[in-house]
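Here the structure is laid out as structure tokens; the discussion comes afterwards.
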Amino acid sequence: MKLRRFQISLPLLSKELTEMANRRRTYIIRTIYALLFLGCIGYISLDQVSGLQNNPLAILGRGRQIFESMIYLQFTAIYLFLPAITCSVITQEKEHNSLGLLLITRLSPSTIILEKYLGRLITMVTFLMLGLPILAFAYSLGGVSPAMFINGLWLLVLTMFQVAALGVLCSSFFRTTVSAFIASYVFGFLMLFGPVISYELNLFFFGDFLKMITDQVRDMPLWSNYISARRGDLSLLLFAPYWFDRLSGGGGIGSIGRTFLISIPILLSTFVFLIFSHYFLVRRAFLPSRNYLLNLFKSLDSIFSKINHNRVTRGIVLVKEQIQLPENRPIAWRETSKKSLGTVRYLFRILIALEVPVLFLCLFIASSSPAAIVPGAVMLLWFIWGLVVLLLAVSATSLISGERSHETLDVLLTAPISGTDILTQKIAGVRRLSMALLVPLLTIVLFEAWWKWEYAQINPNNRNPYELQWLPYLIGSLLTIGIYLPMLTWLFCWIGMKVKSQTKAILSALGVIVLWCILPFILMFPVLILNPSFNEESVIYGLFLSPASYIVINEIAEFHEFGTTWGPLMINSFIYGGCYLLFRYQCHMHIDKNLGRLDSKGNFIDRSTLFPSGKQSLLSSDQ
Amino acid sequence: MSTQPPMVEVKNLWVRYGKYEAVKGISFSIPKGEVFGFIGPNGAGKSSTIKVLATLQREYQCDTVKINGISLNKAPHLIREIIGYMPDFFGVYEDLTAREYLHFFAAAYRIDRKKRKAIVNDVLELTDLTGKIDAPVDSLSRGMKQRLALARVLLHDPDLLLLDEPASGLDPRARIEVRELLVALKEMGKTIIISSHILHELSQLCTSIGIIEAGEFVTQGSLDHIYKRLELSRVVHVQIVGEMNGVCENIEAMPGVKSVTVQADRLAIQLQEDQLAVEDLHAKLAATGVKIRMFQAEAMDMETVFMKLTEGKTA
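Residue numbers (this note's numbering), protein chains in the order written: chain Z, 1 to 623; chain A, 1001 to 1315.
Laid out in structure tokens, this is it:
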């Protein structure tokens, strides 16, 4: 009995781990992760192993490549999955109204944060431990120095701490899991790449400032070899994979010392995130339901209105906004006049907020790049695509799952509106959003097509002729945008119907799209393993089973394997045009089933033949 | 000559969620203009049955489920036009005002545009929410939201109201307001199916009740019928002015009187109504020459009925 007094009690952690262990989903996700991870490693290692049939011993000493692949994959897994794992840690309690109950127990806010943080870290560790057999295999092959080994693992652990802390901070600050989820990725991106972008563009003289700091630091011992050559190194201080790449070349204790030195900023950021999580936990524990985007737009409205009331303009209104009530399409009315991502005025602001930086960046890139392919524009396009997928996933999956979460779906379903009509009206707001998102995508595509055309005039004998073919590029891009946007909308809408909770629907939608993009490459691995003599070129068109492939290939103009630009374009359009029709059909044909109500099966009974109810009219307006 | 079908006709209804049987072959019929009280413990199958009638339950088996003579399976779209469903949660859009919310559903029910304004005003007046017409829904109290949900249900003047726990979570004042509203609807001849835990309120409202437990009906019928079947006696409170000499014995001797208990300021007379009606008791008392200051028959004690018939089981 005395021993019990010395036991450490971590009730919240125990609860988290027990819940995790009781969920069937945990094991399914872990298995899928293991398959993906081992598939990726196998795929990456295949090239090294395939050329060694004549001399199997040549594989010895090649453990380094496998080790590096594994570490980079683990970094990717942490950046991709850990925000999703941690962002719900506090918001879940807020959504279930159980955070208040936790706060009135003897658990202090810091204990709550730390136990929750630990719980999610353990989850991620169980994923990372799947890499241990690969680690052992790579180490046994040789080529991995102990310093590299320690550096890699240490930086992995640090990254895990940092990303998990950011997720917990977002979870502590925001009210809902969805907003915490989006914020985790947005702030994660800004944390890792914001300084680099600011450095490259010299925003607010950040580049000059960093160069000055670099000049000071490069003279310091330990740092000199790593900072001197690249002036922008300091802008990547919080990005561990970069430092793994820089430091893994060295060996010995010195390398380990530098790694620990480099890890100070990452550790500091982790502590800052945890301190702020603690700060916000109680202060933001009981937040009223609020639409941040809508509130932002409304406050902008009032600011603009105040500015407009001056001596010159005197509150002049060019286009009067009428408060209209729904007429024939009430659901479409609500989607397009009451939602922040559906209202014309607010969508116009989103468009401006996206379009102005895009135009600015296009001009900036155009004035600085001498190549046919502009890397900055390519990156910008991919970034906008990412944003488009995120916004569509949030808005399209929420169409039905949002109604379910707010308990309004049942009421809507008892109205005499057909399932197809509900869907058509619901999608109206997302369609408007797609139109707004179309503009920045088109801007970059048109810019790139124009740039290719201009470059072809100046330098017609380019090494890669595909880089100058502006017309196939333009048609390919336009077709991709034209097909992908509605396809994604219907796919996400379908997921939103299938998955009950709004948060799970959004997370599932993003998970599905990420998996869809990478799965064809993973699935290729067992084919190549089982049949080493398999001709890779015979299945090259299989690449297009991933929707991201054509976008990437078209942007970097890598059509050499295909010998033509039109073949891939046709195949890709055919596949995803088909997918679009399939998703649309699935949504329309099974709408009542997915919504969970009886469908009419085409039977028609004339209402006039019904028995009259003979009741007294309820309303004076009928009399 | 055509006979009108019952408003609701359910025969051998089964609802299963996987292996779990929520409703086990219940049958009932509700004539037009009746107020049917669905009573049962949590998990008894009340909400599942109401969801079937509201066309929101895809998976169920039955011999017949008809509303106003229309088979539920054959024409759910027609059923939706004649029912008004109010779930056991608010189901209101918090981003709209009360006016916008009601106009939203008026449009959803395809009410003539010219009539909408008048109808919305009418239902708001009926639910006493006229003053809140431009208030955002999220600023309304629970009781107001519940009344707004009732206003929404009434917009298209449905023949059948399906009300799942309409008074749950409301304070006493809001409960009384909702109850008064339902009484008004009853007087207008609406057929109402109402599930509730507040048995006292149902007893004042319902013309018949069905007590359901573990997915099966324990009993159903009019309150009087159930009362008689269970041989439950009604208590009548009587205050008599003056001397009580021999009065108790006289009353006890009356046929149909089970017992007389002397309380601080009154007599509590247990009556078997099938033998002696309340009004006959009053006449007989007056005939004995006693001066009656108060004569009050207690409402049917539905809690006693409920406790006697149910065992607290769930399906």
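Positions of the beta carbon are idealized from the N, C-alpha and C atoms, including for glycine.
Residue from the options with nearest C-alpha to residue i
| i | options | result |
| --- | --- | --- |
| L581(Z) | P486(Z), M524(Z), K593(Z), P109(Z) | P486(Z) |
| D410(Z) | G1221(A), S1029(A), K1024(A), Y1093(A) | Y1093(A) |
| V1257(A) | V1235(A), K1046(A), L1162(A), N1245(A) | V1235(A) |
| A1214(A) | Y1017(A), E1034(A), V1008(A), A1044(A) | A1044(A) |
| L1150(A) | L1185(A), S1048(A), R1116(A) | L1185(A) |
| I1192(A) | H1282(A), G1018(A), G1210(A) | G1210(A) |
| L121(Z) | L73(Z), V178(Z), L13(Z) | L13(Z) |
| E1243(A) | V1290(A), I1269(A), L1148(A), I1067(A) | V1290(A) |
| D1088(A) | A1264(A), K1051(A), A1286(A) | K1051(A) |
| K1066(A) | N1012(A), S1139(A), R1175(A), D1274(A) | N1012(A) |
Partner residues on chain A for residue i, Cβ-Cβ distance less than 7 Å
| i | result |
| --- | --- |
| N328(Z) | A1107 |
| Q426(Z) | Position check: residue 426(Z) holds Lys in this sequence, whereas Gln was assumed. Within chain A, no residue comes near K426(Z); the closest Cβ sits about 13 Å away, beyond 7 Å. |
| G596(Z) | L1056, R1058 |
| V217(Z) | Result: empty, since nearest Cβ-Cβ is about 52 Å, beyond 7 Å. |
Amino acids of chain Z, ordered along the chain, whose beta-carbon sits closer than 8 Å to that of residue i
| i | result |
| --- | --- |
| P1136(A) | Near P1136(A) there are no residues of chain Z at all, since even the closest Cβ is about 11 Å away, more than 8 Å. |
| E1021(A) | Here the premise fails: no neighbours, minimum Cβ distance about 19 Å. |
| L1202(A) | Under the 8 Å cutoff, chain Z gives no residues; its nearest Cβ is about 21 Å from L1202(A). |
Environment of residue i [buried if 16+ CB atoms lie within 10 Å]
| i | result |
| --- | --- |
| H1225(A) | exposed |
| W566(Z) | exposed |
| Q1296(A) | exposed |
| G602(Z) | Low confidence applies here, because G602(Z) scores a pLDDT of 49, under 50, leaving its location unreliable; read the following figure in that light. When all chains shown are included, G602(Z) counts as exposed. |
| V1153(A) | buried |
| E1100(A) | buried |
| P11(Z) | exposed |
| G61(Z) | exposed |
| G1217(A) | In the sequence on display, residue 1217(A) carries Phe and not Gly. Classification for F1217(A): buried. |
| L296(Z) | exposed |
| M1001(A) | For M1001(A), the pLDDT reaches just 46, beneath the cut-off of 50, and the residue's location in the model is therefore unreliable, although a value from the coordinates is still provided. By the neighbour-count rule (16 or more Cβ atoms within 10 Å), M1001(A) is not buried but exposed. |
| N461(Z) | exposed |
| V1010(A) | buried |
| A1022(A) | buried |
Interface residues of chain A facing residue i [CB-CB closer than 8 Å]
| i | result |
| --- | --- |
| E407(Z) | P1087, F1089, F1090, G1091 |
| I417(Z) | A1108 |
| L118(Z) | Result: empty, since nearest Cβ-Cβ is about 36 Å, beyond 8 Å. |
Heavy atom of the ligand GTP within 8 Å of residue i beta-carbon
| i | result |
| --- | --- |
| L399(Z) | In terms of ligand content, the structure shown is empty, and the ligand GTP therefore cannot be addressed. |
Counterpart residues of residue i in DSSP-defined beta bridges
| i | result |
| --- | --- |
| W1014(A) | K1024(A), Q1061(A) |
| I32(Z) | None, per the DSSP bridge assignment. |
| T1191(A) | L1160(A) |
| E68(Z) | Beta-bridge pairing links E68(Z) to no other residue. |
| Q502(Z) | DSSP output for Q502(Z) lists no bridge partner at all. |
| V1035(A) | I1192(A) |
| K1066(A) | E1009(A), S1071(A) |
| D1136(A) | Correcting the residue type first, residue 1136(A) is Pro in the shown sequence and not Asp. Answer is T1097(A). |
Partners in chain Z for residue i, counting only beta-carbon separations shorter than 9 Å
| i | result |
| --- | --- |
| I1083(A) | T414 |
| L1124(A) | Ordered by position in chain Z, no residue passes the 9 Å Cβ test against L1124(A), which lies about 11 Å from the chain. |
Residue i - containing alpha helix (DSSP H), residue span
| i | result |
| --- | --- |
| I481(Z) | 470–498 |
| H1237(A) | Taken as a continuous stretch (DSSP letters only), H1237(A) belongs to no alpha helix (DSSP H), being part of the beta strand (DSSP E) at 1234–1241. |
| Q1146(A) | 1142–1154 |
| Q425(Z) | 419–458 |
| G386(Z) | 375–405 |
| V196(Z) | 177–201 |
Run of the beta strand (DSSP E) containing residue i, from where it starts to where it stops
| i | result |
| --- | --- |
| T959(A) | Nothing can be reported for residue 959(A): it is not among the residues displayed for chain A, which extend from 1001 to 1315. |
| G1210(A) | 1208–1213 |
| Q1296(A) | 1291–1297 |
| Y1085(A) | 1083–1086 |
| H150(Z) | Per the sequence shown, residue 150(Z) should be read as Ile rather than His. Note, I150(Z): premise wrong, no beta strand (DSSP E); alpha helix (DSSP H) at 146–173. |
| A1253(A) | Looking at the DSSP string, A1253(A) is not in any beta strand (DSSP E), and its letter there is neither H nor E. |
| L1271(A) | 1267–1271 |
Contact set between residue i and chain Z, taken where Cβ atoms lie within less than 7 Å
| i | result |
| --- | --- |
| A1054(A) | T414 |
| E1100(A) | L325 |
Under 9 Å from the C-beta of residue i: neighbouring residues of chain A
| i | result |
| --- | --- |
| R404(Z) | Those within 9 Å of R404(Z) in chain A number zero; the least Cβ separation is about 11 Å. |
| R334(Z) | Y1093, D1095, L1096, E1100, F1104 |
| K593(Z) | R1058 |
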